[in-house]
Amino acid sequence: AVPDKQVRFLLERLVELSPLAIMITDAHGRVLGVNDAHYKLTGLSNYRIIHELEMNFLEFVQKFCPPMARLLERAYQGESVEMLGQFCRIEARSDAPALSEQIARGFWFDAWAYAIKDDKERVRYVVVYFNDITVRKELDMLLGSAQKMEMIGTLASGVAHDVNDVLAGVMGYASLMAGN
13 AVPDKQVRFL LERLVELSPL AIMITDAHGR VLGVNDAHYK LTGLSNYRII HELEMNFLEF
73 VQKFCPPMAR LLERAYQGES VEMLGQFCRI EARSDAPALS EQIARGFWFD AWAYAIKDDK
133 ERVRYVVVYF NDITVRKELD MLLGSAQKME MIGTLASGVA HDVNDVLAGV MGYASLMAGN
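In the working numbering, the protein residues as written are 13 to 192.
This is the structure we're talking about:
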């Protein structure tokens with residue numbers, strides 16, 4: 013059997029190395045920690061979020077991304093929440109912390125929020141996982157545009173053939189008339 017201390021170390025490393033941005037908050041939304049992937053996404057370090065900003069994630073989301081807040085609030089009530097294909101843009105404002113350029117431009121993400129409850133079923137913590145899907149969404153949009161262009165080309169080709177068929181008949185009839 014693996015000692016508990018080693019399991020704890022492995023789990024900490026798993027969170028640290030995860031490509032998903034991970035945040036843990038207390039039951040009231042106060043941020044207790046984030047991993048490196050979260051820093052890469054937001055530009056906010058663990059130290060800055062906790063010690064300088066003393067960030068309350070639930071209040072932050074309610075203020076800057078209300079549609080997401082309505083879903084996230086369910087996690088603070090004890091539900092597991094899945095937020096797929098969400099878009100969020102938080103422009104630079106005096107009342108907002110300086111965030112990464114990507115967030116200022118806007119980004120697409122999938123997110124999952126899970127309540128961690130105590131033995132009396134009270135929410136003690138909420139863990140939120142974010143997966144940045146901006147590149148995939150942009151590629152999907154480009155592919156959609158390419159498919160639309162292909163459809164327009166196919167339609168134009170069909171119309172051109174139909175017009176050509178009619179013109180061939182008119183030209184043939186005109187040749188017959190000219191020959192008479």
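Where a beta carbon is used, it is the ideal one built from N, C-alpha and C, also for glycine.
Taking Cβ positions, are residue i and residue j nearer each other than 8 Å?
i	j	result
G118	F99	yes
W120	G97	yes
I61	N47	no
T37	V135	no
L56	P109	yes
D144	L53	yes
Which residue's Cα is closest to the Cα of residue i: the options?
i	options	result
F76	I164, G184, D107	D107
M95	Y51, M80, I145	M80
S30	V182, V140, Y185	V140
D41	A13, E66, N58, R148	Note that residue 41 is Gly in the sequence shown here, rather than Asp. With distances taken between Cα atoms, G41 lies closest to E66.
Q114	D122, T146, S92	T146
If we ignore side chains and look at the alpha-carbon of each, how far apart do residue i and residue j end up?
i	j	result
K160	D152	12 Å
V27	R101	26 Å
K129	L154	43 Å
K132	S112	39 Å
A127	A104	30 Å
A49	H63	19 Å
R25	L32	13 Å
L22	I164	54 Å
V178	S187	14 Å
H173	L167	10 Å
V182	V175	11 Å
E162	K149	20 Å
G184	G191	11 Å
V14	Y51	31 Å
Identify the residues that DSSP records as bridge partners of residue i: which are they?
i	result
Y141	I34, W124
R42	N68
R100	With the sequence shown as reference, residue 100 is identified as Cys, and Arg is not the correct amino acid for it. Looking at the DSSP assignment, C100 forms a beta bridge with F119.
M95	A123
K129	V135
Meets three-Cβ-pair contact criterion under 8 Å: the region 81 to 95 and the region 60 to 70: yes
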